[in-house]
Amino acid sequence: MNIETLKSAITKLNRHRYFLEKRCQRIGKMLPASLILRAFPHSSDTSYAIAQTKPHPRYGYITYFDGTTTRHKYIPKRDLDNAVFLTGNYRNFCKWMKEIRSLSRQILQLLDKIGELQTLPISSIEEKEDKRK
């Protein structure tokens, strides 16, 4: 198999990966955003012990890019569990895609090395072997 055909196959796989990523975003399996959770502040007259026994409700914001602008959106408490799940899926997806990109980079580097070896003329290899003897 030719090196260029292998590189084009890797490029096709990258395009297919991008298509799958966009499809997962459209059907609601992941949300490409970061989730920020904040607790409501305590009143000044509430003691520290009471604050520890009563869980304070949290509210969340998602942060995402809209073109070149960073946007923030409030998440209602009823949708908070769903937002945590969707942003967690996106975080896992990003982690796995980082591994895939590094493997793809390593494969391309190895293919380049193989291509360089295939382009060396046989006479230069024989000369190197003669020098070793």
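Mind the numbering: the sequence shown is residues 1 to 133 in UniProt numbering, read in order.
Ideal Cβ positions, reconstructed from N, Cα and C, are used throughout, including at glycine.
Residue 74 is positioned such that its CB atom lies closer than 9 Å to that of residue 61. Inter-segment contact for the region 82-102 and the region 1-9 is absent: fewer than three beta-carbon pairs are separated by less than 8 Å.
Per DSSP, reduced to three states, the secondary structure at residue 80 is helical. Non-local beta-carbon contacts of residue 115 in its own chain, meaning distances under 7 Å to residues more than five positions away in sequence, involve 3 in chain order. The continuous alpha helix (DSSP H) containing residue 10 extends over residues 3-26.
For residue 29, the secondary structure class from DSSP, reduced to helix, strand or coil, is coil. Sixteen is the threshold: since fewer than 16 other Cβ atoms of the shown chains lie within 10 Å of the Cβ of residue 37, the residue is exposed.
In the three-state reduction of the DSSP assignment, residue 63 falls in the strand class.
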